[in-house]
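Note that the sequence shown covers residues -23 to -1, 1 to 126 in mature numbering (1 follows the signal peptide of the UniProt record, and there is no 0).
We put the beta carbon where it would ideally sit given N, CA and C, even for glycine.
The next block holds one structure in the form of structure tokens; read it before the comments.
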Amino acid sequence: MMNRIIRTTFITLLLMVAASAAAQQGLQIATVFQKYGKEKGVTMVELSNEMLETYQMNLYKSLVFKDAEKALPTILRCLEADKKKAKKVKEVVSGGKIQSGYYQLPQIKEDINRFILFKTGKKGSATLIYIEGELDADDLITMLFMKKE
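Here is the structure:
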């Protein structure tokens, strides 16, 4: 009986990891989330199902780096690779370096849009976000820039 519970739990965990990995399938930034998600000085956020439904999302993952100096070369290399696949690219570049980026990727399923957002901040901080869901680019822009009351 105990072996069955352990086996069931293990299989469930494997399926959850596989589902999470499949969500970013074919994207280089998936390696950034895997490599830095549990590092000290990095905050990783994954939204709960209730929050996801509110914003028409299937998946939301973000990494916030207090000091991204060590991770920045990896992040930028992965963004360069992933943006080659993007349908839309909007970037702010200063001194030859990406300060912020918005990348809309091709759909992997009908009505499931995928986005990568990246921004460097003051004092070496950086934020990397991956979103997929039914929301479109206009919904995302509205959500990002709406005023909080």
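Beta-bridge partners of residue i, as assigned by DSSP
i, result
"residue 127", "Outside the shown range of the chain (-23 to 126) lies residue 127, about which nothing can therefore be said."
"Lys38", "Glu23, Tyr107"
"Glu68", "Gly78"
"Lys96", "Ser77, Thr104"
Candidates the options: closest to residue i by CA position
i, options, result
"Phe49", "Val19, Leu24, Asn26, Gln33", "Here residue 49 turns out to be Leu, not Phe, going by the sequence shown. The option with the nearest alpha carbon to Leu49 is Val19."
"Ile85", "Gly110, Gly101, Ile106", "Gly110"
"Tyr80", "Glu87, Gly72, Lys17, Arg91", "Arg91"
"Lys17", "Phe42, Ala114, Leu56, Ala103", "Phe42"
"Gly101", "Lys47, Cys55, Leu82", "Lys47"
"Gln11", "Leu121, Lys38, Leu82, Asp113", "Lys38"
Cβ neighbours of residue i in the same chain (closer than 6 Å, five flanking residues each side left out)
i, result
"Met21", "Gly14, Leu40"
"Val69", "Gln76, Ser77"
Spatial neighbours of residue i in its chain, beta-carbon cut-off 8 Å, leaving aside the 5 residues before and after
i, result
"Leu53", "Lys74, Ile75"
Euclidean distance between Cα positions of residue i and residue j
i, j, result
"Lys67", "Ala58", "15 Å"
"Ala45", "Glu87", "35 Å"
"Ile6", "Lys96", "14 Å"
"Gly24", "Ile108", "First, the amino acid is wrong: residue 24 is Leu here, not Gly. Straight-line Cα distance between these residues: approximately 10 Å."
"Ala103", "Met34", "23 Å"
"Val9", "Leu56", "10 Å"
"Gly3", "Lys65", "17 Å"
"Lys61", "Ser71", "20 Å"
"Glu30", "Gly98", "29 Å"
Whole-angstrom C-beta distance between residue j and residue i, which should lie under 8 Å
i, j, result
"Ile106", "Leu94", "4 Å"
"Leu82", "Ala63", "5 Å"
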